[in-house]
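**Q**
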Amino acid sequence: NGGIALGDNDKATFGVSDDLQIYHDGGNSFITDEGTGSLYLRGSSQVRVETPTGENMAIFNDNGGVSLRYDNVKKFETTSTGIDVSGTATMDGLTVDGNVTFNTDTFTISDNLPRVVFEDTDTSTLASITANSSHITYETVATSRDHIFSQGGTTRMVIDDTGIDVTGTVTATTYTGALA
1 NGGIALGDND KATFGVSDDL QIYHDGGNSF ITDEGTGSLY LRGSSQVRVE TPTGENMAIF
61 NDNGGVSLRY DNVKKFETTS TGIDVSGTAT MDGLTVDGNV TFNTDTFTIS DNLPRVVFED
121 TDTSTLASIT ANSSHITYET VATSRDHIFS QGGTTRMVID DTGIDVTGTV TATTYTGALA
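By the numbering used here, the letter at position 107 of the sequence shown is numbered 107, and the numbering carries on one by one without gaps.
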């Protein structure tokens, strides 16, 4: 009951070829599996990774979610429907297979030239919106699609291959050009 005392770099080894090793090298502690199989950590309800002071770093729940923490505060969690992220998620890219819902009044794209691109299912570009400090450009390459602008659930303007149809009053304070 007094424990096993091993010095620095002394290893507790398991297996025919010392496949599993547990040791301390004087600065770091190691659990090393050099065998052909996998290393399993099992817990009856949870497996936790903690700091020496007991702060949670990762919690793995039996038949439940996994949470990763920063300074003992949950930042990433798996759920039965996907993942939850607290704070800012920075990614090199993002692909969404399905619908996107924004639970905010503002959607911000920050870049030198912020751009939203609308693509068809075959990834051919239908339209794009690009903004800079002086103007917003709406470009389309989809000649067979109508562009509908609505306000309050009412269609106010339609641009199609025949021209522009406007519903309501058109007010122009300064205009140079021809209207047909």
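Glycine is no exception: its CB is placed at the ideal position from the N, C-alpha and C atoms.
Going by DSSP, name the residue or residues bridged to residue 78.
**A** Per DSSP, 83.
**Q** If contacts are defined as beta-carbon pairs under 8 angstroms, then residue 61 and residue 46 qualify, I think. What distance do you get, rounded to the angstrom?
**A** Rounded, the Cβ-Cβ distance is 5 angstroms, consistent with contact.
**Q** Would DSSP call residue 181 helix, strand or coil?
**A** Nothing can be reported for residue 181: it is not among the residues displayed for the chain, which extend from 1 to 180.
**Q** So residue 33 packs on residue 20, CB below 8 angstroms; how close in whole Å?
**A** Rounded, the Cβ-Cβ distance is 5 angstroms, consistent with contact.
**Q** With distances taken from CA atoms, which of 37, 16 and 7 is nearest residue 27?
**A** Checking every option, the nearest Cα to that of residue 27 belongs to 7.
**Q** Run through DSSP, which three-state label would residue 164 get?
**A** Residue 164 falls in the strand class under three-state DSSP.
**Q** Check each candidate in 174, 173, 150 and 160 and name the one with the smallest Cα separation from residue 167.
**A** That would be 150, whose Cα lies nearest to the Cα of residue 167.
**Q** For residue 69, does the count of other Cβ atoms within 10 angstroms reach 16, so buried, or fall short, so exposed?
**A** Per the 10 Å Cβ criterion, buried.
**Q** Please name the residue or residues paired with residue 69 in a DSSP beta bridge.
**A** According to DSSP, which records beta bridges pairwise, residue 69 is partnered with 74.
**Q** Would you mind giving the Cβ-Cβ distance between residue 66 and residue 50, rounded to the nearest angstrom? I have them listed as a contact below 8 angstroms.
**A** Incorrect: roughly 15 angstroms between the Cβ atoms, too far for contact.
**Q** Per DSSP, what are the beta-bridge partners of residue 33 in this structure?
**A** For residue 33, which the question treats as bridged, DSSP gives the partners 20.
**Q** In this structure, does DSSP put residue 131 in helix, strand or coil?
**A** Of the three classes helix, strand and coil, the one that applies to residue 131 here is strand, per DSSP.
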